[in-house]
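Order-wise, the sequence lines are chains D and F. Counted the way my numbering counts, the first sequence spans residues 3 to 495. Counted the way my numbering counts, the second sequence spans residues 3 to 495. Think of the CB as a built atom: it goes at the ideal place given N, C-alpha and C, for glycine as much as any other residue. Everything below concerns the one structure shown next.
Number of protein chains: 2
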Amino acid sequence: MADSKPLPSLDGDPKAAEAWLRDVFEIIVEEAIQKGTSTSEKVCEWKEPEELKQLLDLELQSCGEAQEQILEHCRAVIHYSVKTGHPRFFNQLFSGLDPHALAGRIITESLNTSQYTYEIAPVFVLMEEEVLKKLRALVGWSSGDGVFCPGGSISNMYAMNLARYRRYPDCKQKGLRALPPLAIFTSQECHYSINKGAAFLGFGIDSVRVVKADERGKMISEDLERQINLAEAEGAVPFLVCATSGTTVLGAFDPLNAVADVCQRHGLWLHVDAAWGGSVLLSQTHRHLLDGIQRADSVAWNPHKLLGAGLQCSALLLQDTSNLLKHCHESQASYLFQQDKFYDVALDTGDKVVQCGRRVDCLKLWLLWKAQGGQGLEQRIDRAFALAQYLVEEVKKREGFELIMEPEFVNVCFWFVPPSLRGKRESPDYSQRLSQVAPVLKERMVKEGSMMIGYQPHGTRGNFFRVIVANPMLTRADMDFLLDELERLGQDL
Amino acid sequence: MADSKPLPSLDGDPKAAEAWLRDVFEIIVEEAIQKGTSTSEKVCEWKEPEELKQLLDLELQSCGEAQEQILEHCRAVIHYSVKTGHPRFFNQLFSGLDPHALAGRIITESLNTSQYTYEIAPVFVLMEEEVLKKLRALVGWSSGDGVFCPGGSISNMYAMNLARYRRYPDCKQKGLRALPPLAIFTSQECHYSINKGAAFLGFGIDSVRVVKADERGKMISEDLERQINLAEAEGAVPFLVCATSGTTVLGAFDPLNAVADVCQRHGLWLHVDAAWGGSVLLSQTHRHLLDGIQRADSVAWNPHKLLGAGLQCSALLLQDTSNLLKHCHESQASYLFQQDKFYDVALDTGDKVVQCGRRVDCLKLWLLWKAQGGQGLEQRIDRAFALAQYLVEEVKKREGFELIMEPEFVNVCFWFVPPSLRGKRESPDYSQRLSQVAPVLKERMVKEGSMMIGYQPHGTRGNFFRVIVANPMLTRADMDFLLDELERLGQDL
């Protein structure tokens, strides 16, 4: 009978499977870890989509391929992927390849479990609790609640749903049509997930009232108060303010105490989107940027960004101790959350979330923290700030570089002004021509594979570069390289 | 200067980091792969929460720990975790540890990128497209759209949002208050994420109309039509039917053609939650269970379940070719989805989703498929069906086992009737006493670590076991063991 023996191929041969996995691990070490973090190797290997499709042999067939062939696929997948752990990867709000965090991620994958019950994730239920407790303590809370979510956007949506539920618990059953029109307040610099969340959760994007930010990108609390009064005058019910600690482009921190004062006066839920800036809480030197965060009702914080825990590691933290998270999201599925279990079913966290299966996201951060300690992590953050400051000073010194503003954080924003545009600021097409520079340089750096830096327009400003100084491997030499390389790539423009 | 050199510890020493990671890999091979899949080892190592906390030394401190100490933590984390890859893990809708899927997961973690742009995920943007195309072809669509979501619950929520948006595009901007009351239809056997989604998306749970299922757990299409007419009579606007292919407890398949007929008559979006049953499409022998699925507007299918790709791998598939997914979810963030890039920005998939950063979930399935081929995967599925059928026959043969019903799928549901209850069916407290059996046996098997099987009450039936036959390593001997072990554990009851 076909079902009386194990299946053929590696399925039936544990030793062969183990040997094959060792081969894969060697490829990973060589391609992703050694080459992937070495400045003598490229950060990316650009190919046009059609060529890349051919190189990867993507098609899935009826017949399985030989193990050697699969190994070659593994090597190609890594070879043609962007090396986000590379010191020249400045493109996103994450960079680096921490060995302890990576170990946590690999163990997580080997154990392949779901966070919903103590029954099948005993270690991780307890560990998540411990890690969240530590993060809450850094916010300034000795008690509270929380959960890891699949990314900061969904953490922000959880905050929206919780704020709505606290104000109108009936909404869970009866829906938004049973409620008055609601109003959410956030600044023009907020993350786009606030709009996405407003649409997804049924509020509609129009329910998001945009509060002005100052020239540094910080929410103006006086305008917040004005917008709240305006919304009320228009018949809407304000219920939620989303402040941002570390905006995406400028790295700005909203003035949390001033915002919290307004929330307190109006009885509004204060959510702080600290997805990017939350990790600054670990630094005694810089945590003043988040002064007042302890007054928030909820905080979204992504240790996969500045702490380098690995995608995804996004905590939603709550000051609440009334089990609001569970009440808001629970549905008490009897097949999973049996109440007659032989252990304390309060340990089953599955009803805190809108997901059913939920990945384990705590181990990578826990192992990283165990290895570095709070002090090691603090040192990394202070170092990132110092290197960002070094980069700022170098930008100011060099001809052809123009700083957008003195940064508060590790987002360093500047224009590279190529030789042909220098001294032409008064020319009528200057802004337009300057705006075309970053896309050209980006194309050149990616095609050479020498580095990756993001650029964007912002407000009335045309395209400029945003360098993110996050990789713990960075040195001043990398900052110098970055500027030299822009000069080299742009010398003919 | 502190920032002129790399940081201390492994940070500054690539060779030491590499050596340390090799040590971790050896621990993973030994503890998670060898012991974790061996029937001569335990499937779990039960500890009470307080004891486990001590054993794990969970606390996070200011000082980092020595590398040897961290290795011991890695070993302990694996040792005390449940081995979901173990052949005696029958507890969830996933089981097994496929080496190719695991390789895909480890490579994914080593590359640590986000799926949002071709710029930073060129390989995975193309690969996701290819994998989704393959899954769509199995559904029966030669074109369409789709995306991997963080779990089936969120895939189901996407379907709800898309159905709402197609009917009322204004909702994205204006919210649900601008719409008439809406009605969603699903059977009493549906997954609990439908209710969670209705609450989260602002419809409210009351908007979910529960359609009756027959004694096998299949939606009764005549009752669906009745419920639709009733909702309309009550002033609600039906817009979405969620059918299920593979219910959680009984493994039932809704009659998709009959349901699609009703949807067609009423112009409703048909979503099929095939999170569990979708993989049956790979089997020529059994795919008739999903006949009519090609008539759906959307399908949720989790290859992390029966195909064993690893958590999470959950595809939302769409028949739509009008870019509905993007229009519904996009917010066009200018810092991420620049329109002046040097490549075709249609490759940037980030605006298809409500997330910003999104994990790579395609590689593990792609590598698994490359290795097994469609035929290998089909063989695994057919084998699971055959083994489930073997288990059913054995249950029928043995005294003290009572089958709930002949299964359609690989969920085998039965009572174990212990010696003291045999022949006492007429006794007034029989049902109550029988219901207490499964929790006791569950406690015993977990504390011995011999196997893990889920149980639950269902409708008017008291607690019964639900064995999931999903692990490709299973043989008839494991089925025999399972029944023998229940007899052994329950002989004194």
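When the alpha-carbon of VAL439(D) is set against those of GLN374(F), ASP342(F), ARG490(F), the nearest one is in ASP342(F).
Minimum Cα-Cα distance from ASP147(D) among the listed residues THR351(D), GLY425(D), MET475(D) corresponds to THR351(D). LEU292(F) is a Cβ neighbour of ALA276(F), given a cutoff of 8 angstroms. At the C-beta level, MET447(F) and GLU487(F) come within 8 angstroms of one another. Selection ASN465(D), ARG107(D), PHE205(D), VAL79(D) evaluated against LEU369(F) yields VAL79(D) as nearest (Cα-Cα). Between the alpha carbons of MET475(D) and ASP13(F) lies a gap of roughly 7 angstroms. The segment 246-265 of chain D makes contact with the segment 201-221 of chain D: 3 or more CB pairs, one atom from each, lie closer than 8 angstroms. The beta carbon of GLU227(D) lies closer than 7 angstroms to those of VAL264 in the same chain, with the five residues before and after it left out.
A direct Cα-Cα distance of roughly 16 angstroms separates GLY177(F) from SER209(F). Per the Cβ contact rule, the segment 361-377 of chain D is not in contact with the segment 154-161 of chain F (fewer than 3 Cβ pairs under 8 angstroms). With fewer than 16 other beta carbons inside 10 angstroms of its own, SER42(D) counts as exposed. Using a Cβ distance threshold of 8 angstroms, LEU379(D) and VAL471(D) do not count as a contacting pair. LYS49(D) is the residue among THR110(D), ASP59(D), LYS49(D), GLU130(D) whose C-alpha sits nearest the C-alpha of ALA123(F).
Within the segment 155-178 of chain F, the residues whose Cβ lies closer than 7 angstroms to any Cβ of chain D are, in chain order, SER155, ILE156, ASN163, CYS173, LYS174, GLN175, LYS176, GLY177, LEU178. One Cα belongs to VAL26(D), the other to GLN493(D), and the distance between them is close to 42 angstroms.
The C-alpha of CYS76(F) lies about 8 angstroms from the C-alpha of ILE109(D). Counting along the chain, no beta strand (DSSP E) covers TYR118(F), and no H or E run does either. Note that the C-beta distance between LEU270(D) and VAL243(D) is below 8 angstroms. The beta carbon of PRO51(D) sits closer than 7 angstroms to no other beta carbon from its chain once the five residues preceding and following it are set aside. DSSP places PRO430(D) outside both helix and strand once states are collapsed to three, so it counts as coil. Check the Cα spacing between PRO459(D) and each of LEU140(F), ASP216(F), PHE91(F), PHE339(F): the tightest is with PHE339(F).
At least one CB atom of chain D sits nearer than 8 angstroms to the CB of GLN94(F).
For HIS329(F), the uninterrupted alpha helix (DSSP H) run begins and ends at 326-331, by DSSP. Residue environment: PRO182(F) is assigned as exposed (fewer than 16 neighbouring CB atoms within 10 Å of its CB, all protein chains considered). When ASN465(D), LEU349(D), LEU184(D) are compared, the shortest CA-CA separation from LEU405(D) is found for ASN465(D). ILE455(D) is bridged by DSSP to PHE92(D). With respect to SER316(F), ASN304(F) sits close: the two C-beta atoms are nearer than 8 angstroms.
The Cβ atoms of PHE344(F) and GLU445(D) sit closer than 8 angstroms to each other. A contact is defined here as three or more CB-CB pairs under 8 angstroms, and the segment 53-71 of chain D meets this definition with respect to the segment 119-138 of chain F.
Taking the Cα positions, GLN374(D) is about 35 angstroms away from PHE91(F).
Assignment of PRO124(F) by DSSP, reduced to helix, strand and coil, places it in the helix class. Excluding residues up to 5 positions away in sequence, PRO240, HIS268 lie with their Cβ nearer than 6 angstroms to the Cβ of ILE230(F) in the same chain. For HIS75(D), the secondary structure class from DSSP, reduced to helix, strand or coil, is helix. Taking every protein chain shown into account, the CB of ARG424(D) has fewer than 16 other CB atoms within 10 angstroms, so this residue is exposed. When DSSP assignments are scanned along the segment 19-64 of chain F, the uninterrupted stretches of alpha helix (DSSP H) that are 4 or more residues long and fall wholly within it turn out to be 51-58. Bounds of the alpha helix (DSSP H) holding ILE156(F) are 154-169.
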